[in-house]
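As given, the protein sequences belong to chains A, B and C, one line each in that order.
Under my numbering, the first residue of the first sequence carries the number 13, and numbering increases by one thereafter.
Under my numbering, the first residue of the second sequence carries the number 2, and numbering increases by one thereafter.
Under my numbering, the first residue of the third sequence carries the number 19, and numbering increases by one thereafter.
In what follows, a single structure is set out as structure tokens and then discussed.
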Amino acid sequence: MNPTEVMEPAKTEVKKKYKVIGTRPIRHDGVDKVTGRAVYGADVQLPGMLHGKVLRSPHAHALIKSINTEKAEALYGVKAVMTAADFPDAGSRTANLGELGEVPLKPMCDNVMASDKAVYHGHAVAAVAATSPHIAEEALKLIEVEYEVLPPVLDVVKAMDEDSPLLHEDLYTDELGEKSSRPSNVASHSRHVKGDVSQGFAEADHVLEREYRCATVHQGYIEPHAATAMWNPDGYLTMWVTTQGAFAVRTAVHQILDIPVSRLKVIPTEIGGGFGGKIPVYGEPVAAVLSRKARRPVKVVMDRTEVFLATGPTSGSYVKLKMGVTNEGRITAAETMLAYEAGGYPGSIVALGGICMFAPYNIDHTTIDMYDVVVNKPKTAAYRAPGAPNSEFAVECMLDEFCQILDMDPMEIRLKNGAKEGDIQSHGIPHPRIGCIETTEAARDCEHYQTPLEGPNRGRGVASGYWVNAGLTSSVTARLNGDGTVTLQEGSTDIGGTRTSIAMQLAEVLGIPVEDVVPSVVDTDSVGYTEVTGGSRVTFATGWAAYNAGQAIKSQLIEQAAEVWKVDKDQVTLADGVITTTNGDSRSMTIKELAANLSQKGIDVGSRETVTPQNHGGAYATHVVDVEVDPDTGKVTILRYTAVQDAGRAIHPSYVEGQMQGGVVQGIGWALNEEYFYNEEGNLMNASFLDYRMPTSLDLPMIETIIVEVPNPGHPYGVRGVGEVPIVPPQAAISNAIARAVGVRLGDLPMSPQTVVKALAAKS
Amino acid sequence: MAIVHIPALLHSLTGDVRKLEVEGRTVGDLIDQLELLYPGIRDRLVENGHLRSGLAIFVDGMVRREALEYEVPPKSEVLFVPAVAGG
Amino acid sequence: MAAKVHVTATINGEPVEFLCEPRQSLLEVLRDELKLTGSKEGCNNGNCGACSVILDGLLVDACIVLGAEIDGCSVETIEGLMDSEGLHPLQQTFLENAALQCGICTPGFIMAGKSLLEKNPQASEGDIRHWCAGNLCRCTGYDKIVRAILDAEPQLEVKK
Ligand code: FES
Ligand code: FES
Chain A
13 MNPTEVMEPA
23 KTEVKKKYKV
33 IGTRPIRHDG
43 VDKVTGRAVY
53 GADVQLPGML
63 HGKVLRSPHA
73 HALIKSINTE
83 KAEALYGVKA
93 VMTAADFPDA
103 GSRTANLGEL
113 GEVPLKPMCD
123 NVMASDKAVY
133 HGHAVAAVAA
143 TSPHIAEEAL
153 KLIEVEYEVL
163 PPVLDVVKAM
173 DEDSPLLHED
183 LYTDELGEKS
193 SRPSNVASHS
203 RHVKGDVSQG
213 FAEADHVLER
223 EYRCATVHQG
233 YIEPHAATAM
243 WNPDGYLTMW
253 VTTQGAFAVR
263 TAVHQILDIP
273 VSRLKVIPTE
283 IGGGFGGKIP
293 VYGEPVAAVL
303 SRKARRPVKV
313 VMDRTEVFLA
323 TGPTSGSYVK
333 LKMGVTNEGR
343 ITAAETMLAY
353 EAGGYPGSIV
363 ALGGICMFAP
373 YNIDHTTIDM
383 YDVVVNKPKT
393 AAYRAPGAPN
403 SEFAVECMLD
413 EFCQILDMDP
423 MEIRLKNGAK
433 EGDIQSHGIP
443 HPRIGCIETT
453 EAARDCEHYQ
463 TPLEGPNRGR
473 GVASGYWVNA
483 GLTSSVTARL
493 NGDGTVTLQE
503 GSTDIGGTRT
513 SIAMQLAEVL
523 GIPVEDVVPS
533 VVDTDSVGYT
543 EVTGGSRVTF
553 ATGWAAYNAG
563 QAIKSQLIEQ
573 AAEVWKVDKD
583 QVTLADGVIT
593 TTNGDSRSMT
603 IKELAANLSQ
613 KGIDVGSRET
623 VTPQNHGGAY
633 ATHVVDVEVD
643 PDTGKVTILR
653 YTAVQDAGRA
663 IHPSYVEGQM
673 QGGVVQGIGW
683 ALNEEYFYNE
693 EGNLMNASFL
703 DYRMPTSLDL
713 PMIETIIVEV
723 PNPGHPYGVR
733 GVGEVPIVPP
743 QAAISNAIAR
753 AVGVRLGDLP
763 MSPQTVVKAL
773 AAKS
Chain B
2 MAIVHIPALL
12 HSLTGDVRKL
22 EVEGRTVGDL
32 IDQLELLYPG
42 IRDRLVENGH
52 LRSGLAIFVD
62 GMVRREALEY
72 EVPPKSEVLF
82 VPAVAGG
Chain C
19 MAAKVHVTAT
29 INGEPVEFLC
39 EPRQSLLEVL
49 RDELKLTGSK
59 EGCNNGNCGA
69 CSVILDGLLV
79 DACIVLGAEI
89 DGCSVETIEG
99 LMDSEGLHPL
109 QQTFLENAAL
119 QCGICTPGFI
129 MAGKSLLEKN
139 PQASEGDIRH
149 WCAGNLCRCT
159 GYDKIVRAIL
169 DAEPQLEVKK
């Protein structure tokens with residue numbers, strides 16, 4: 013299918029007993045991963061391979077006056093040294109970001125390696141390839157860089173001040189094509205208006221206005237970025253990369269290095285977590301240039317400090333929110349201003365924060381102003397439901413405050429205002445069929461919520477969340493083998509068991525066991541164009557491509573069987589792996605029998621499918637959490653946690669639960685501990701796992717899950733994306749639980765022990 | 002004839018007209034018609050002959066990647082929404 | 019560069035000899051010199067447990083042990099867990115419980131689980147959470163990992 017075509021809503025198959033869907037098979041790549049055999053980014057080893065290391069700016073904001081690499085080049089074992097001068101001049105070239113349009117290439121190149129200015133602590137400025145990683149590290153110490161240090165800009169609100177130091181003298185605020193008269197750290201301002209908020213506030217009986225802040229947080233995947241490049245003298249470049257999208261890497265490297273895509277093959281390795289952070293490129297173009305200069309393969313692996321300093325994170329944010337409700341609990345109006353950190357270059361995900369913010373509720377009057385602001389921190393990347401936790405945190409906290417004012421149950425206010433199919437969202441698009449109400453009802457009725465919580469300093473919090481999900485383009489190639497099994501090649505990198513959830517959809521069509529489908533993730537030369545594993549889209553969209561491949565194979569098998577039997581193909585059907593005639597002569601054969609027959613005759617059965625479906629539906633979640641606050645230390649303990657979520661249709665329920673549990677725990681980390689801590693010079697002070705402090709097994713109880721299934725009418729099996737929305741509710745659910753436990757409302761994340769203690773002291 | 006929703010930041014150009022019926026075969030035609038009514042609006046939506054980067058066109062709730070070339074069915078609702086990428 | 023050190027050790031039951039630089043960690047030796055890349059590097063400073071191996075019966079982070087230190091020692095890594103009957107019970111229960119998503123933390127967790135159950139064959143949920151606090155997983159929220167280790171207990175009992 014032509015990727016520019018739009019997939020119209022398919023009719024969801026009526027709920028029936030599925031043979032494969034809804035079961036919990038062992039994943040196809042499982043044995044490789046429990047035996048240590050799976051090859052991840054850093055595991056790639058090539059003959060003659062060198063090790064690349066990157067020199068990084070010790071300053072958050074500094075002009076680069078000169079770089080002298082002579083001494084490094086002279087060190088024994090060093091085979092190549094590079095700086096940004098080795099990249100082709102970005103000049104006025106643009107990068108095509110697909111749906112996001114054309115953007116200037118220079119910031120993208122400069123983020124990979126600074127050319128004239130370092131805009132965050134840890135910004136890459138030079139790189140070395142040597143025969144061992146230790147020699148490469150020694151060589152970095154020999155590179156002399158002369159900096160002119162500038163004052164750093166670290167706070168998103170202060171960055172917006174007219175007299176703030178500027179990151180980029182040539183950056184002007186864009187308001188749909190209109191540029192500000194003076195340069196600014198505000199890269200863009202956009203706005204959604206629905207109805208008339210002044211009328212809405214006039215209808216309200218209670219109005220609250222509050223500010224909410226989220227610290228900068230990192231995705232925290234356990235596998236650091238790793239890229240290996242082999243540049244051949246004939247101009248062919250092969251790369252082994254741990255990435256959420258091999259094609260995205262191909263595009264970025266092609267643009268930055270200005271080489272044809274046809275000369276560039278990206279082989280995705282297994283990937284040790286991404287959560288949005290493994291979409292941009294960092295060391296990939298560096299490894300390629302070093303390989304070209306050294307004429308040997310080069311592997312560039314980051315260490316943990318580099319990951320914290322220079323990749324991810326997601327936007328810290330400032331949100332101002334005003335909402336009004338009636339005495340009956342109806343939300344009449346909401347007005348908000350969102351300012352999100354973009355990091356050193358423009359391009360935060362504030363627009364997604366705006367779109368998702370009010371989506372769980374039907375509100376007649378809303379105004380949303382969104383600001384994308386550069387600060388001296390790493391260029392932000394997507395992080396699970398990017399943008400949504402920051403803005404929805406504000407709404408969910410404020411709703412809980414209204415509940416206390418109105419003495420209303422938190423589930424009741426959410427049900428009363430809950431969004432339904434056809435409701436117009438704040439950006440003007442109507443909701444498709446969504447499971448907002450059903451999810452909230454399931455949360456209200458669950459055993460956890462129905463069981464009273466007792467004890468001092470304990471409180472129960474509730475919050476909901478919405479994530480828009482994504483469709484985008486996915487491709488698969490499927491081929492029937494002579495033994496009746498199907499090999500399935502796909503372009504979506506598998507971060508959490510999607511080989512299996514995709515294969516299950518093909519198996520379901522043919523009625524064969526999922527073990528008879530053999531999925532593999534292949535390189536950019538071996539499958540059709542596929543966008544990144546992100547937006548909770550893989551089981552939805554790549555699964556749909558596999559469904560189509562299954563349908564194509566099914567009709568080819570029916571045709572071939574009709575040929576064998578010399579009957580009309582309308583008189584042949586295929587179900588449960590068996591092909592039969594329907595004309596009463598009761599002939600039948602299994603797929604395996606027919607496959608053997610066809611393979612003998614040299615007849616190929618298979619299909620190549622590309623889809624760009626849009627009807628991804630939105631995902632809803634409602635969470636319930638019980639906490640206990642230690643009033644002396646401020647430590648918040650999670651006593652019990654239940655996550656309820658609409659999955660549309662859970663293809664592999666274990667992995668749906670896994671997504672929910674993983675998202676919840678990242679949300680708990682975001683709520684209670686995680687933050688980028690900078691000193692006044694703009695140096696990141698906690699660039700290690702020990703100091704960044706993600707949740708460990710000891711910090712948590714079991715995470716209970718309830719899957720609601722409101723089938724998405726836009727997918728053949730009713731699938732909705734499930735991966736991202738579970739990170740949205742925890743922050744507010746925990747803040748609300750703390751408020752009910754000890755009577756303080758916290759609007760700034762993280763709610764670390766010292767914050768809680770301070771708030772308790774201020775209260776008494 | 003399609004119903005075009007004017008982006009909020011351009012309401013100042015249209016005297017707070019937020020949506021209106023416009024004649025045209027493609028999205029590009031609709032914008033040309035808007036330009037006749039509200040001079041200057043085209044430059045806010047179109048850049049170098051293409052839809053401005055960072056904008057997406059939704060027609061009846063669906064993104065249309067054909068952008069300006071997309072042929073709008075009669076009575077459809079056309080929106081310009083800041084484009085976003087997922088994570 | 020300091021002279022290389024000659025080391026003799028037992029790895030997964032096999033005698034091995036190698037030369038390493040004094041500054042190379044056990045993790046580097048396993049991965050780069052012996053090509054045993056099943057042990058992973060998540061932090062290289064003892065914070066994440068992705069490199070967990072068992073050294074003379076003790077669970078250690080291979081990234082903060084020097085390669086030269088293992089002379090005369092016995093090391094177990096994820097690569098040595100399978101036996102002639104197939105997967106180790108922990109490997110099987112991790113699969114059955116969907117206790118891995120990306121899988122980068124899995125070798126470390128399985129080694130940590132093995133070392134715990136050798137000492138405490140009836141470890142409770144609390145024991146497991148305490149023991150595994152040195153292993154980070156960013157994908158699963160730990161729920162299914164804890165269940166997988168609990169599930170392995172009766173199977174290991176039978177195996178004995
Ligand atoms: S790599 Fe050894 S503990 Fe993290
Ligand atoms: S499964 Fe990804 S870190 Fe544990």
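C-beta atoms are modelled at their ideal positions from N, C-alpha and C, and glycine is treated no differently.
Chain A residues whose Cβ lies nearer than 7 Å to that of T1(C): Chain C is shown only over 19 to 178; residue 1(C) falls outside these bounds and no answer can be derived.
Got a sec, what are the start and stop residues for the beta strand (DSSP E) I279(A) sits in? Residue 279(A) sits at position 267 when you count from the first residue of the first sequence. DSSP places I279(A) in the uninterrupted beta strand (DSSP E) bounded by L276 to P280.
Out of P723(A), F701(A) and R732(A), which has the shortest C-alpha to C-alpha gap to G152(C)? Translated into the one-based positions of the third sequence, residue 152(C) becomes position 134. That would be F701(A), whose Cα lies nearest to the Cα of G152(C).
Tell me whether L168(C) sits in a helix, a strand or coil according to DSSP, three-state version. On the third sequence, residue 168(C) is found 150 positions in, with the first residue counted as 1. Three-state DSSP puts L168(C) in a helix.
Verify the CB distance criterion: does M423(A) have a CB-CB separation below 8 Å to chain C? Within the first sequence, numbered from 1, the residue matching residue 423(A) stands at position 411. By the rule that beta-carbons nearer than 8 Å mark a contact, M423(A) does not touch chain C.
At a Cβ threshold of 8 Å, is P372(A) touching chain B? Within the first sequence, residue 372(A) is the residue found at index 360, counting from 1. Taking Cβ atoms only, chain B never reaches closer than 8 Å to P372(A), which makes this a no.
Which residue wins for smallest C-alpha separation from I739(A), given the options M672(A), V301(A), T767(A) and A136(A)? The sequence position of residue 739(A) within the first sequence is 727, counting from 1. The shortest C-alpha separation from I739(A) is found at M672(A).
Indicate whether G324(A) and G289(A) have their beta-carbon atoms separated by less than 8 Å. Translated into the one-based positions of the first sequence, residue 324(A) becomes position 312. Translated into the one-based positions of the first sequence, residue 289(A) becomes position 277. Less than 8 Å separates the beta-carbon of G324(A) from that of G289(A).
With a threshold of 7 Å (Cβ to nearest heavy atom), would C123(C) be considered close to ligand 1? In the third sequence, residue 123(C) corresponds to position 105, counting from 1. In terms of side-chain proximity, the C-beta atom of C123(C) is found no nearer than 7 Å to any non-hydrogen atom of ligand 1.
For Y667(A), the three-state DSSP class (helix, strand or coil): Counted from its first residue, the first sequence places residue 667(A) at position 655. In the structure shown, Y667(A) adopts helical secondary structure according to DSSP, grouped into three states.
With a threshold of 16 other CB atoms inside 10 Å of the CB of D616(A), please say whether the residue is buried or exposed. Against the first sequence, residue 616(A) aligns to sequence position 604. Looking at its Cβ environment, which holds fewer than 16 other Cβ atoms inside 10 Å, D616(A) is exposed.
What number of angstroms, rounded off, separates the C-alpha of G629(A) from the C-alpha of A227(A)? In the first sequence, counting from the first residue as 1, residue 629(A) sits at position 617. In the first sequence, counting from the first residue as 1, residue 227(A) sits at position 215. If I take the Cα positions, the gap works out to 30 Å.
Please determine whether the Cβ atom of G60(C) lies at a distance below 7 Å from any heavy atom of ligand 1. Mapped onto the third sequence, residue 60(C) falls at position 42. Answer for G60(C): yes, Cβ within range of ligand 1.
Is D79(C) a contact residue of ligand 1, with contact defined as CB to any heavy atom under 7 Å? Along the third sequence, one-based indexing puts residue 79(C) at 61. Yes.
DSSP on L44(C), reduced to helix/strand/coil? As a working mapping, residue 44(C) is identified with position 26 in the third sequence. The answer is helix: DSSP assigns L44(C) an H, G or I state.
Could you have a look at T28(C) and say whether DSSP puts it in helix, strand or coil? For the purposes of this step, residue 28(C) is taken as residue 10 along the third sequence, with counting starting at 1. Residue state for T28(C) is assigned as strand, using DSSP reduced to three classes.
Just to confirm the assignment: which complete beta strand (DSSP E) runs, minimum length 3, are found wholly within the segment 446–481 of chain A? Annotation: the segment 446–481 of chain A contains the following complete segments of the beta strand (DSSP E) (minimum length 3 residues), in chain order: 470–479.
Can you tell me whether F81(B) is helix, strand or coil according to DSSP? As a working note, residue 81(B) is residue 80 in the second sequence. DSSP, read as helix, strand or coil, puts F81(B) in strand.
Inter-residue spacing [alpha-carbon to alpha-carbon] between T224(C) and E94(C): What the structure shows of chain C is the stretch from 19 to 178, and residue 224(C) is not part of that stretch, so it cannot be assessed.
Could you give the DSSP three-state label for P292(A): helix, strand or coil? The residue given as residue 292(A) occupies position 280 in the first sequence. DSSP places P292(A) outside both helix and strand once states are collapsed to three, so it counts as coil.
Could you tell me which chain F residues have their CB closer than 9 Å to the CB of V115(A), listed as they occur along the chain? Checking the listed chains, one finds no chain F in this structure; the protein chains it contains are A, B and C.
Compare the Cα-Cα distances from T717(A) to each of E459(A), P464(A), G509(A) and T510(A) and report the closest residue. Counting from 1 along the first sequence, the entry for residue 717(A) is found at position 705. Checking every option, the nearest Cα to that of T717(A) belongs to E459(A).
Are the Cβ atoms of G286(A) and Y233(A) separated by less than 8 Å? Counted from its first residue, the first sequence places residue 286(A) at position 274. Counted from its first residue, the first sequence places residue 233(A) at position 221. Cβ distance < 8 Å, so G286(A) and Y233(A) count as in contact.
Please name the residues in the segment 41–64 of chain C whose beta-carbon is closer than 9 Å to at least one beta-carbon of chain A, in chain order. The segment 41–64 of chain C vs chain A, Cβ under 9 Å: R41, Q42, E46, R49, D50, K53, L54, T55, G56, S57, K58, E59, G60, C61, N62, N63 and G64.
So, at 7 Å on beta carbons, what are the nonlocal neighbours of D41(A) in its own chain, with the 5 sequence-adjacent residues on each side left out? Locating residue 41(A) in the first sequence gives position 29, where the first residue counts as 1. So the list reads A50, D506 and R511, once near-sequence residues are dropped.
Quick one: is the Cβ of L710(A) within less than 7 Å of any heavy atom of ligand 2? Here residue 710(A) is taken as the residue at index 698 of the first sequence, counted from 1. At a threshold of 7 Å, L710(A) does not count as near ligand 2, since its beta carbon sits no closer than that to any of the ligand's heavy atoms.
Could you name the residues of chain A that G62(B) contacts, counting a contact when the two beta carbons are closer than 7 Å? The residue given as residue 62(B) occupies position 61 in the second sequence. Result: I441 and P442.
Answer yes or no: the CB of C448(A) versus the heavy atoms of ligand 1, is any distance below 7 Å? On the first sequence, residue 448(A) is found 436 positions in, with the first residue counted as 1. The answer is no for C448(A).
Since P8(B) meets chain A, which of its residues come closer than 7 Å, beta carbon to beta carbon? Against the second sequence, residue 8(B) aligns to sequence position 7. Within chain A, the residues near P8(B) are L188.
What does the alpha-carbon distance come out to for the pair T536(A) and Q501(A)? Here residue 536(A) refers to the residue found at position 524 when the first sequence is read from its first residue. Here residue 501(A) refers to the residue found at position 489 when the first sequence is read from its first residue. About 11 Å.
Distance CB(A241(A))-CB(S303(A)) smaller than 8 Å: Numbered from 1 along the first sequence, position 229 holds the residue referred to as residue 241(A). Numbered from 1 along the first sequence, position 291 holds the residue referred to as residue 303(A). Result yes, Cβ atoms of A241(A) and S303(A) sit closer than 8 Å.
Could you check whether S43(C) and V83(C) sit closer than 8 Å to each other, using their CB atoms as the reference points? Counted from its first residue, the third sequence places residue 83(C) at position 65. Counted from its first residue, the third sequence places residue 43(C) at position 25. Remark: C-beta atoms of V83(C) and S43(C) approach each other more closely than 8 Å.
Distance cut-off 7 Å: A151(C) Cβ against heavy atoms of ligand 3: Here the bound small molecules are ligand 1 and ligand 2; ligand 3 is not part of this structure.
Inter-residue spacing [alpha-carbon to alpha-carbon] between G207(A) and E433(A): Taking the first sequence and counting its residues from 1, the one referred to as residue 207(A) is at position 195. Taking the first sequence and counting its residues from 1, the one referred to as residue 433(A) is at position 421. Using only the alpha carbons, I get a separation of about 19 Å.
Counterpart residues of K311(A) in DSSP-defined beta bridges: On the first sequence, position 299 is the one that residue 311(A) refers to. Assignment of beta-bridge partners to K311(A) by DSSP yields H63(A) and T240(A).
Evaluate H377(A) with the Cβ neighbour count: other Cβ atoms within 10 Å of its Cβ, from every protein chain shown; 16 or more gives buried, anything less gives exposed. By one-based count along the first sequence, residue 377(A) stands at place 365. Under this definition H377(A) is a buried residue.
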